[in-house]
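Each remark here refers to the structure printed beneath this line.
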Amino acid sequence: MFIGLDLGTSGLKGVLMNDRQEVLAEASAPLTVSRPAEGWSEQEPSHWIAAAETVLDRLAAHGLGAVQGIGLSGHMHGATLLDRADNVLRPCILWNDTRSHAEAAALDADPRYRAISGNIVFPGFTAPKLDWVRRHEPAIWDKVAKVLLPKDYLRLWLIGDHVAEMSDAAGTSWLDTGARDWSDDLLAGTGLNRGQMPRLVEGSAVSGLLRPGLAERWGMMGRVVVAGGGGDNAASGVGVGVVRAGEAFVSLGTSGVLFAANDGYHPDPATAVHTFCHALPGAWHQMGVILAATDALNWYGRFVGQEAAALTGALGRVAAPGKTLFLPYLGGERTPLNDAAIRGSFMGLEHATDTAAGTRAVLEGVTFALRDCRDALAATGTRIDRLLAVGGGSRSDYWLGAIATALGVPVDLPVAGDFGAAFGAARLGLMAATGAGAEVASRPAIARSIEPSVALQDAYDAGHARFRAAQTALRGLDI
């Protein structure tokens, strides 16, 4: 058996898988986000441990005596700061925290960061967060002995060692992404050194052994390895079999991701596309990332007092975009804008605008933001011919139909089952325990495909043009 643990922003999920890659059990535990100031987003690392204990307790009810490997996945970019005794110094600053926008701009102005890391220094990345701590929390800064990414704090609890892997480390702005190693120059740019970083392994490699006390607690009988794992999107790529050049998926989770696998390193920071190491050796991937996908729909649901599923379920067949526009920049945006200050907007409201029109506008706004990501990926030479859909938003046929039509590609839906980050993490656990390679990461069987609507293609092209015009106008406002 193999376990995958995925530390998400809103909850931790675990899956138990056998050696035939059949999911035997699933469990989850909720997590909350603290927002103590505008643009801030934090979590207490101790809550991650409590959530992992809950999930493993529930999985243990199915018997874990045959577990050989555990894989980890988690939200990226978070800054978990530890002192010399591994005590947490402050709440983790999360991926969607934009407080360090000034520090990010200053680092990005140093040409070494784009040249070595292959990416823009976004405010949500880890390096500018540490620069913010250095400037605003000097007493904490002076005590920083180790900086861990969120899932790697879970790993510290599991194995008792500081270890990271390539895909997650690529989102720090400290990694030489082409060489797959920490850059001493980039670390020095934020006043840090290699000794404050965890050691690096590949995602499918062994990072350490599960501590005996934890193995005994959950009835794991033999040697249990913990794989390097992957950042949430790279692990999702392994879960859905997007590990080879030409394969791609769209993830409709809290954030939205357009993810394409590559067999070489092809950075183009000017496009605001993320170019990261994949969770497998010798592989990289590119992503267009928008900060609010289902997050935007859930926000609208709270606004009108309805659940997201009820809102999308009432829409019927995919229709042409309406007059109402929604720009989904509730907390800034990454691809292609790289704008931490921009905020969302409804435009084109009129007397006829009702709840359903607002729902369609939100779905269309996220869809058009994903089309912006597709255009940015295309500018780097990456071509997407079809997409596999994952994440909670993929339950909406309306949304997938809009995406298929706006991007002009078929969207495939896997057979029933969750093939996301937790499943990908379990696959990485299997690889680490058995020595298997990328052949394990096969694509799931496809239940059905949603084709673009030829009749609505022109309407969606026109809708995207209006979206881009509104985007330009919004960026010109000082609000």
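Numbering-wise, my numbering puts 60 at position 58 of the sequence shown, and it's gapless, one number per residue. Ideal Cβ placement from N, Cα and C applies to all residues, glycine included. No experiment lies behind these values; they were computed from the predicted model shown.
| Query | Result |
| --- | --- |
| Report yes or no: do the region 309-322 and the region 146-156 share at least 3 C-beta pairs separated by less than 8 Å? | no |
| At which residue ranges does the region 235-286 contain complete beta strand (DSSP E) runs of 3 or more residues, listed in the order of the chain? | 250-254, 258-264, 276-279 |
| Considering ALA53, what are the terminal residues of the alpha helix (DSSP H) in which it resides? | 47-62 |
| Would you identify the three-state DSSP class for PRO330, choosing helix, strand or coil? | coil |
| If we count Cβ pairs, one from each stretch, closer than 8 Å, do we get three or more for the region 235-252 versus the region 336-354? | no |
| Roughly how many angstroms lie between the CA atoms of GLY73 and ALA39, to the nearest whole one? | 34 Å |
| Taking Cβ positions, are GLY180 and GLY422 nearer each other than 7 Å? | no |
| Residues in the same chain with beta-carbon distance under 8 Å from HIS64, minus the five sequence neighbours each way, listed in chain order, please. | LEU18, LEU26, ALA27 |
| To test your reading of the DSSP string, which unbroken beta strand (DSSP E) runs of 3 or more residues are found completely within the region 76-112? | 82-84 |
| Verify whether the separation of the beta carbon atoms of SER209 and VAL245 is less than 7 Å. | no |
| Considering only their Cβ atoms, is the gap separating ALA281 from GLY205 smaller than 7 Å? | yes |
| May I have the straight-line CA-CA distance separating SER102 from ALA111, to the nearest angstrom? | 14 Å |
| Give the straight-line distance between the Cα atoms of LEU160 and LYS145, rounded to the nearest whole angstrom. | 24 Å |
| When the Cβ atoms of the region 409-418 are set against those of the region 373-390, are three or more pairs found closer than 8 Å? | yes |
| Following the continuous alpha helix (DSSP H) through ALA31, name the residue where it begins and the one where it ends. | Careful: ALA31 lies outside any alpha helix (DSSP H), inside the beta strand (DSSP E) at 25-32. |
| Output the boundary residues of the alpha helix (DSSP H) element that contains SER169. | 168-171 |
| Please classify PHE490: is it buried, with 16 or more other beta-carbons within 10 angstroms of its beta-carbon, or exposed? | Because the chain in this structure spans residues 3 to 481, residue 490 falls outside the shown range and cannot be described. |
| Quick one, which of GLY290, ASP186, GLY231 has its alpha-carbon nearest SER169's? | GLY231 |
| So what's ILE118 in DSSP terms, helix, strand or just coil? | helix |
| So, does the region 251-270 touch the region 438-455, judging by three or more C-beta pairs under 8 Å? | no |
| Can you give me the Cβ contacts of TRP301 inside the same chain, cut-off strictly under 7 Å, excluding the 5 residues immediately before and after it? | LEU332 |
| Ignoring anything shorter than 4 residues or poking outside the region 351-403, list the alpha helix (DSSP H) runs there in chain order. | 357-381 |
| Does any CB atom of chain B fall closer than 7 Å to the CB of GLN288? | Absent from the structure is chain B; it holds one protein chain and no more. |
| Kindly provide the ranges of any alpha helix (DSSP H) runs that are 4 or more residues long and lie completely inside the region 412-448, ordered along the chain. | 423-436 |
| How many Å lie between SER119 and ALA190 at the Cα? | 14 Å |
| Quick one: Cα of VAL69 to Cα of ALA29, how far? | 16 Å |
| How about GLY393 and SER253: do their beta carbons lie closer than 7 Å? | yes |
| Check GLY303 in the structure and name its three-state DSSP category. | helix |
| Only counting the same chain, and skipping five residues up and downstream in sequence, which positions put a Cβ closer than 8 Å to that of GLY221? | ALA62, GLY65, LEU66, GLY67 |
| Buried or exposed, going by whether 16 or more other CB atoms sit within 10 Å of the CB of ASN20? | exposed |
| Please go through the same chain and pick out, in chain order, the residues whose beta-carbon is closer than 6 Å to the beta-carbon of TRP401, but skip the five residues on each side of it. | LEU365, GLY395 |
| Compute the Euclidean distance between the alpha carbons of PHE469 and ILE344, then round it to the nearest angstrom. | 15 Å |
| Can you tell which of LEU84, ASP85, HIS79 has the C-alpha that lies nearest to the C-alpha of THR128? | HIS79 |
| DSSP state of ARG137, grouped into three classes? | helix |
| What is the residue span of the alpha helix (DSSP H) that ALA312 lies within? | 310-315 |
| Put LEU202 into one of helix, strand or coil per three-state DSSP. | strand |
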